Amino acid sequence: MRPPDAAYVLRNARIARVLLARPEAYGGEGGTVRLDIAIEGGRIAGLRPTGSGAAGLEVDLDGGMMWPCIADIHAHLGRGHV
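In case it helps, the working numbering puts the sequence shown at residues 1 to 82.
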């Protein structure tokens, strides 16, 4: 476990474009963007295109999806069509 004040980078995270304040700032096509997420003091310090950040303590997410913790990503399809 990392200390809460540690600085590190979550590399190669996939984020839904609709969650970004300025999605046009990041290249690519489709509904997701691959980014590096800089974490400092337990908070997001910045977003950068994958591979553009400085080296250091990092975790490679291998294209895994990142969602806000409040996202409820399941659906009851049967109830939605009643």
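Every residue, glycine too, gets a C-beta built ideally from N, C-alpha and C.
All values reported here derive from a predicted model rather than from experimental measurement.
If you drop the 5 nearest sequence neighbours on each side, which residues of the same chain put their C-beta closer than 6 Å to that of Arg11?
Asp36, Glu58, Asp60
Below 7 Å CB to CB, which residues in the same chain sit around Gly63 once its five sequence neighbours on both sides are set aside?
Asn12, Arg14, Arg34
Quick one, which of Glu29, Ala45, Leu19, Gly51 has its alpha-carbon nearest Cys69's?
Leu19
Beta-carbon proximity check, Ala7 vs Gly31, cutoff 9 Å:
no
With DSSP as the reference, identify every bridge partner of Asp60, one or two as the case may be.
Arg11
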